[in-house]
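Take a look at the structure below.
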Amino acid sequence: MKIAITGKGGVGKTTFASLLCRAFTADGARVLAVDADPDANLAAALGIPADRAESLQPVARMKELAEERTGASGGYGSFFKLNPKVSDLPEQFCLEHDGVRFLWMGTLEQGGSGCACPESTLVKRLMGHLLLERDEVVIMDMEAGLEHLGRRTAESVDALVVVVEPGQRSLQTARQIERLAGDLGIEEVFVVGSKVRDDEDRRLIEGEIPSRQLLGTISFCEEVRRADRENCAPDRLSAQALSEVRKIKERLLSLRGK
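Here our numbering is used: position 253 in the sequence shown is 1524, and no number is missing along the way.
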């Protein structure tokens, strides 16, 4: 399974991504977690100690590596390879913790996003490798945009999951993401409701999202809030949240025929 998780900032996207990693790992899957969000918090949500996380560097900012792999020389405007070797990079830059392998992809700076520069080429080629050539569960924590996904890689995503909270702005973002996904050839977008406090919240989400698209909801949980305050993995403190995400995982697998 190759799963991309996106949504408006602050909706609980990273919490869901970390819990989904744990749900797959508990069932014996080999999981690679990729943080491609500019507000990078997935390492902490997976429980990776801060001193280990500090040693990591995002691939998107590895200018020297990008120039080496693409053969770029002479600065921008020079010729370079558009298909650099990246197959060894996951093993080289991944950090493993509690059975989950973590890779900090990072995002390109605004001025370089979408440009044909060595860093952009390396990131997009690596993303393609992870989605097209790796035999494992890949779970990507992405920003609300889909800049990392070109058409070919987007078509290989088994599930694009948008996390929403009970509110019109969040639901509007989900509709915008669905339109972007359609432009990239992603035919089906799934939705997970987050921070659901009561039946009124649940009815709001269910009224806006078609039943086939809605994978389930995650209840608002004080233990998850405490995990965030204490900078530890939410699965360590909230058995309820992990149980709800396990049900979401099973529904996703059944809908995708896995």
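Don't be surprised by glycine CBs; every beta carbon is placed ideally from N, CA and C.
Taking C-beta separations shorter than 6 Å and ignoring five residues to either side along the sequence, the partners of C1365 in its chain run R1372, L1374, following chain order. Using a Cβ-Cβ distance cut-off of 8 Å, the segment 1398-1415 and the segment 1300-1311 are in contact, since at least three pairs of beta carbons, one from each stretch, lie closer than that value. In the DSSP assignment, S1514 falls within the unbroken alpha helix (DSSP H) covering 1510-1526. In terms of CA proximity to M1398, V1428 leads the group V1428, L1526, E1325. Shown here for S1490: same chain residues with a beta carbon closer than 7 Å to its own, the five before and five after excluded, namely V1467, Q1511, E1515 in chain order.
Per DSSP, G1478 is not a residue of any beta strand (DSSP E); the alpha helix (DSSP H) it occupies stretches across 1470-1479. For the 9 Å CB-CB criterion, L1353 and A1504 do not form a contact. Boundaries of the alpha helix (DSSP H) around A1297: 1284-1297. A straight line joining the alpha-carbon of L1513 with that of E1426 spans about 29 Å.
Beta-bridge partners assigned by DSSP to M1413: A1307. Beta-bridge partners of I1276 (DSSP): D1412, V1432. Straight-line spacing of the CA atoms in G1438 and L1475 works out to 8 Å.
Closest in C-alpha terms to T1378, from the list S1391, G1280, E1367, M1272, comes S1391. In this chain, the beta strand (DSSP E) harbouring V1460 covers 1460-1467. For R1500 and A1307, the gap between their C-alpha atoms comes out near 22 Å. Only residues of its own chain outside the window of five on either side were considered, and among them V1357, S1358 have a CB closer than 7 Å to the CB of H1400, listed in chain order. For S1490, the pairing in a beta bridge is given by DSSP as V1467.
M1272 is positioned such that its CB atom lies closer than 9 Å to that of R1527. With respect to L1455, L1417 sits close: the two C-beta atoms are nearer than 9 Å. The beta carbon of P1355 lies closer than 7 Å to those of R1340, T1341, T1392, L1393, R1396 in the same chain, with the five residues before and after it left out. One thing to note: T1277 has its Cβ no nearer than 9 Å to the Cβ of A1430. Within 10 angstroms of the beta-carbon of R1450 lie fewer than 16 other beta-carbons, which makes it exposed. Assignment of beta-bridge partners to V1394 by DSSP yields no partner.
In the three-state scheme derived from DSSP, where H, G and I count as helix and E and B as strand, L1313 is classed as helix. Across the set E1493, S1465, S1525, the C-alpha of S1465 shows the shortest separation from the C-alpha of K1284. Secondary structure note for E1367: its beta strand (DSSP E) is the uninterrupted segment 1366-1368.
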